[in-house]
Amino acid sequence: MKLPSTAGPIGIFDSGYGGLTILHGIRQLLPEYDYLYLGDNARAPYGPRSFDVVYEFTRQAVLRLFEMGCHLVVLGCNTASAKALRTIQQVDLPQWDADRRVLGIIRPTAEVIGSLTQSRHVGVLATEGTIKSESYNLEIHKLHPDLTVSGVACPFWVPLVEYNEADSPGADYFVKKRIDQIMRLDPQIDTIILGCTHYPLLMPKILKYLPSGVRVVPQGEYVADSLKHYLQRHTDLDSLCSKGATVHYLTTENPQKFKEQAQIFLHEPVEVENITLG
Numbered sequence: 001m002k003l004p005s006t007a008g009p010i011g012i013f014d015s016g017y018g019g020l021t022i023l024h025g026i027r028q029l030l031p032e033y034d035y036l037y038l039g040d041n042a043r044a045p046y047g048p049r050s051f052d053v054v055y056e057f058t059r060q061a062v063l064r065l066f067e068m069g070c071h072l073v074v075l076g077c078n079t080a081s082a083k084a085l086r087t088i089q090q091v092d093l094p095q096w097d098a099d100r101r102v103l104g105i106i107r108p109t110a111e112v113i114g115s116l117t118q119s120r121h122v123g124v125l126a127t128e129g130t131i132k133s134e135s136y137n138l139e140i141h142k143l144h145p146d147l148t149v150s151g152v153a154c155p156f157w158v159p160l161v162e163y164n165e166a167d168s169p170g171a172d173y174f175v176k177k178r179i180d181q182i183m184r185l186d187p188q189i190d191t192i193i194l195g196c197t198h199y200p201l202l203m204p205k206i207l208k209y210l211p212s213g214v215r216v217v218p219q220g221e222y223v224a225d226s227l228k229h230y231l232q233r234h235t236d237l238d239s240l241c242s243k244g245a246t247v248h249y250l251t252t253e254n255p256q257k258f259k260e261q262a263q264i265f266l267h268e269p270v271e272v273e274n275i276t277l278g
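Per this note's numbering, residue 1 is the first one in the sequence shown, and the count goes up by one each step.
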């Protein structure tokens, strides 16, 4: 397969809009790079879908970003990272181009969690797909085998954010219910990972109902820090990431709808193009 060889943007892929929180964190730390964000909004959410479907959809998106000049793609989606990353890295990349890279967002959080917890009891709040995959448990135990990890799925949290209801009184019920559930599961938890990129927008409600002393870990800053160090270690790849401080947005949905949703996540106007995958 012949892919573009000149320097290109860093690709950020998500099934929906939550990956915009990852993009925001990366741009805060690495503003000099060019970025190409692709949201497969027409086929979201990925959370309830099977491993095979999530893999195929993610594979299509990554290949499209490579075809558009990206040499490095970050899966800014926990479900894609949980269900598709390993197969893409092990099966597809050697066939497409062994010098290109696809990174996920679960491992960077797993790497730092050991230094953040004192009780060695950690909670994960995420989508049903991410919890069922047990990806956080597996990654954390590889690096920190002494940690106890408990996970709870929060099925209504993503719609609350996407329907711009994160600040509404109705959100309190759904947030409190899952916080109470995870703390009942393990009262010794002192650190909770937000294992979905939408959830930082619910942070005021989450902090409101968490017991005092429990720390919340959103992913954006840790993914950004991990990417920075990755590029410092892989200078050949870094030289293939163009640096013009631009960002372009692509969606498989209606561009106007994407613009409206993006303002919830980014608080700035964006220009977006429609593309088709599959």
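Backbone N, C-alpha and C define an ideal beta-carbon position, used for all residues, glycine too.
Buried versus exposed call for residue i [16 or more other C-beta atoms within 10 Å across all chains shown]
{"i": "Glu67", "result": "exposed"}
{"i": "Ala61", "result": "buried"}
{"i": "Ala98", "result": "exposed"}
{"i": "Thr117", "result": "buried"}
{"i": "Lys83", "result": "buried"}
{"i": "His229", "result": "exposed"}
{"i": "Asp92", "result": "buried"}
{"i": "His267", "result": "exposed"}
{"i": "Tyr163", "result": "exposed"}
{"i": "Ser135", "result": "buried"}
{"i": "Ala110", "result": "buried"}
{"i": "Asn254", "result": "exposed"}
For residue i: DSSP bridge partner residues
{"i": "Leu38", "result": "Phe13, Leu250"}
{"i": "Leu75", "result": "Phe13"}
{"i": "Gly8", "result": "Cys241"}
{"i": "Glu260", "result": "DSSP output for Glu260 lists no bridge partner at all."}
{"i": "Arg49", "result": "The partner list for Arg49 (beta bridge, DSSP) is empty, contrary to what the question assumes."}
Contact set for residue i: own chain, Cβ-Cβ below 6 Å, skip 5 residues either direction
{"i": "Gly151", "result": "Val124, Ile131"}
Neighbourhood of residue i by C-beta, 8 Å cutoff - its chain only, sequence neighbours within 5 removed
{"i": "Ser172", "result": "Here the sequence assigns Asp to residue 172, which means Ser is not the residue at that position. Excluding positions up to five away in sequence, the list reads Lys205, Lys208, Tyr209."}
{"i": "Pro211", "result": "Met183"}
{"i": "Ile300", "result": "Shown here, the chain extends from 1 to 278; a query on residue 300 therefore has no answer."}
Proximal residues to residue i (C-beta, below 7 Å), its chain only, five neighbours per side dropped
{"i": "Arg107", "result": "Glu139"}
{"i": "Leu194", "result": "Leu125, Pro200, Val216, Val217, Pro218, Gln219"}
>> Ignoring anything shorter than 4 residues, give me the alpha helix (DSSP H) runs that lie fully in the region 194 to 250, in order along the chain.
In response: 203 to 209, 220 to 233, 235 to 238
>> Threshold first: 4 residues or longer. Then list the alpha helix (DSSP H) segments lying entirely within the region 115 to 203, N to C.
In response: 128 to 133, 135 to 143, 157 to 162, 169 to 185
> Can we say the region 219 to 229 touches the region 135 to 154, given the rule of at least three CB pairs closer than 8 Å?
Replying inline: no
> Is the region 228 to 247 in contact with the region 185 to 192, if contact means three or more CB pairs nearer than 8 Å?
Replying inline: no
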